[in-house]
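Read the structure below first, then the notes.
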Amino acid sequence: MQGEKEIIQLIKETYPLEPRKDFVSSTQHVLEKSARRKSKRRRYKNRALTSIGFTLCVIVASWLIFFDGTTTINRNVASLLNDDSFLIGEQEQPAVYVYHSHNKESFIPELPTSQTSEAFDDSTNITLVGERLQQQLNKKGINVIHEQKDIGEILDKRNWSFEDSYTVSREQFKEVLKDHQTIEMALDIHRDSREKPETTLKVENEEYARIMFIVSRSSSNFEGNLKFAKLMSEQVEKKVPGLSQGVLVKSKEDPEEQNTYNQDLLDQTVLLNIGGVENTLEEEYRAINVLADVIEEIMEN
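Following the working numbering, the residues of the sequence shown are numbered contiguously, the last one being 457.
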């Protein structure tokens, strides 16, 4: 009867324990990506700690002089240093600007209506989709400005029409670029008005809101924006085939009459239709999760 060591040796000799090259390559890629992410977070954390260190010292000294606050300070400082969400918010200047020129666009399944013309809401609307993208990118260490100003309300106060939405969003966009020169890309997120079969992809019993990338030929940055939109579309397709509806170029015979969608303000700017009026927020969020992964890869590479 063979002993345990002899059996193990026999197995080793019979089945060589050499991993396949594709396994080694993929494992190496995963480990390298994880190492880069950890290194980035470590740098961010050190930078944030340095910037708040002096302020904390002043607060601690003042508290100890005027109050007996040693226990409270210890607890609050420990909580602050271990709060990754705080550090992510402070770690760097914003790189992505997310906004909604039609911020009240909503979804029939989320509202007490069955009419497309009534699928607009003050709170349950496309801004929740942008908020989800901000959350997902923040988790990846990417700082995002998500526009919170209510464009619909501003239009009402000015007695402007719905067609003036891009004029208002342009004002906000320019203001953000003036205050934050680190913005690398801007995404104007909408939902389509088409029916669900055209805006939905089903993958293994789960439905995704499909993504369409739209660029304006009238923009002075048309070539750069087109390249950016095609890159995003291709990367989305690699992750979930069929999720992207491709790139739509908007143009008219007279370029001066075509809306630029504010894409002349920044090279990497695109308008996205994510899903349609008949999609659910859950389906929207599934698409956003994929889009967040794509944005992370684009920024890393």
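Virtual Cβ for every residue (Gly too), placed ideally from N, Cα, C.
Asked	Found
The segment 298-309 in contact with the segment 381-393 per 3-pair CB rule at 8 Å	no
Local Cβ density within 10 Å of V359, reported as buried at 16 or more and exposed below that	exposed
Reduced DSSP category for D449 - H, G, I as helix; E, B as strand; rest coil	helix
Segment contact flag, the segment 315-328 with the segment 278-289, C-beta cutoff 8 Å, min 3 pairs	no
Reference Q424, options S321, M455, D320 and L399, closest by Cα	M455
Integer Cβ distance of K406 from I370, believed to fall under 8 Å	6 Å
Proximity of I264 and V433 at Cβ, strictly below 8 Å	yes
Distance between E393 and V186 (C-alpha atoms, nearest Å)	In this predicted model, V186 has a pLDDT of only 48, less than 50, meaning its place in the structure is not dependable; the value taken from the coordinates is given anyway. If you take the alpha carbons of V186 and E393, they lie about 20 Å apart.
Which residues DSSP lists as bridging L357, in chain order	Y364
One or two residues paired with S400 in a DSSP bridge	I367
Neighbourhood of F222 by C-beta distance below 8 Å, restricted to the same chain and skipping five residues each side	Bear in mind that the predicted position of F222 carries a pLDDT of just 46, short of 50, making it unreliable; the figure below should be weighed with that in mind. The answer is none, since no qualifying residue turns up.
Short Cβ contact (8 Å threshold) for N415 with S372	yes
Under the three-state DSSP convention, the category D306 falls into	coil
Three-state class that DSSP yields for F329 in the structure shown	helix
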